[in-house]
Each structure stands twice: as structure tokens, then as C-alpha cells.
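Shown next, in C-alpha cells, is the structure this report addresses.
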Amino acid sequence: MFPLATPGVIRGRPVRVPVDIGATCSTVQPGIARDRRSTATPGLALVTANGARLSAQGRVHLDLKQSDRNMMHEFIVAPICWVVIVGTDFLAAHGDIMEVRTRKLSFGAVKSRASCRSIVERQATARAGSGCGA
């Protein structure tokens, strides 16, 4: 089964945008971030659902067009299988709601100040206190 995905455009390229409610950070492939000012983040790694570590190359702000909206968002740059993956940080920041039972995504207008950077920092603090690997 494929993940719930919506059509979108990123850097002028039409893409399928999977919504991963298990991902706290939105991610983009390195090729999409190329030629954009990205912030190198030494030691940044994502932990996948099966516990594997995925090295990230940094962070980049990109404009994602979905439906009739243009949304600037900070993405983690990492070697992923999809062009872009939208996580819960994106949903919260742009007021979107994922209805799991019906597999429906509702676009909203509520703004949140949560960013992927603040989520990653909070997770690192929580892991340090829990004995889990970073």
C-alpha cells in the first residue's frame, strides 16, 4: 500500500507529496535542495521507523505548492526514496489535518510556530534523558 500523497509542485517540478504522520520532520531529496542555500548541520541524523539512522545533509527552506497554496517550509535534506515527504511539523505549521480513518487531508489556515529545528532539538533533549541513542 502506498502512503497518502497529494499532488504538489516544488521548484517548478510536479511531485507526489506523501504525508507521513509518523515523521516529525519534513524531508527533501538532496537533488531538490541543490542550488539552494542550505544550512549544514553536522551530526544531524534521522531515525527511521525501524530504528535505522539516516544521515542528513542539512536544512533548506523551500516553497511547496499544494492545491492553491504556496507554503515556505524548512525541510531536512536527506537521501530518501520520495522527492519530498511531509511530516507532522509541516501539518502543524500550515494548519493541515490528516484524518487517519478516512485517509483524508484537510488544508487549514491555523498557524503554529513549531519548526523542524525545534522538534529535532526537543527530541534530542528527550533522548538524552531517556537513554535512547541520538
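Residue numbers (this note's numbering): 14 to 147.
Ideal Cβ positions, reconstructed from N, Cα and C, are used throughout, including at glycine.
From a predicted model like this one, the values you see are computed outputs, not experimental measurements.
- Residue state for Thr101 is assigned as helix, using DSSP reduced to three classes.
- For Gly56, the closest of Ser68, Arg47, Gly64 by C-alpha to C-alpha distance is Ser68.
- The continuous beta strand (DSSP E) containing Ala18 extends over residues 18–23.
- Excluding the 5 residues flanking it on each side, Arg116 has same chain C-beta neighbours closer than 6 Å at Leu17, in chain order.
- Of the residues assessed, His86 falls on the buried side of the cut-off, its CB having 16 or more other CB atoms within 10 angstroms.
- Secondary structure at Ile45: helix, using DSSP grouped into helix, strand and coil.
- Excluding its 5 nearest sequence neighbours in each direction, Ala58 has C-beta neighbours in its own chain below 8 Å: Arg66, Leu67, Ser68, Ala69, Ala147, listed in chain order.
- In the DSSP assignment, Ser119 forms a beta bridge with Ile110.
- In the same chain as Met84, and ignoring 5 residues on each side of it, the C-beta atoms closer than 6 Å to its own belong to Leu77, His107, in chain order.
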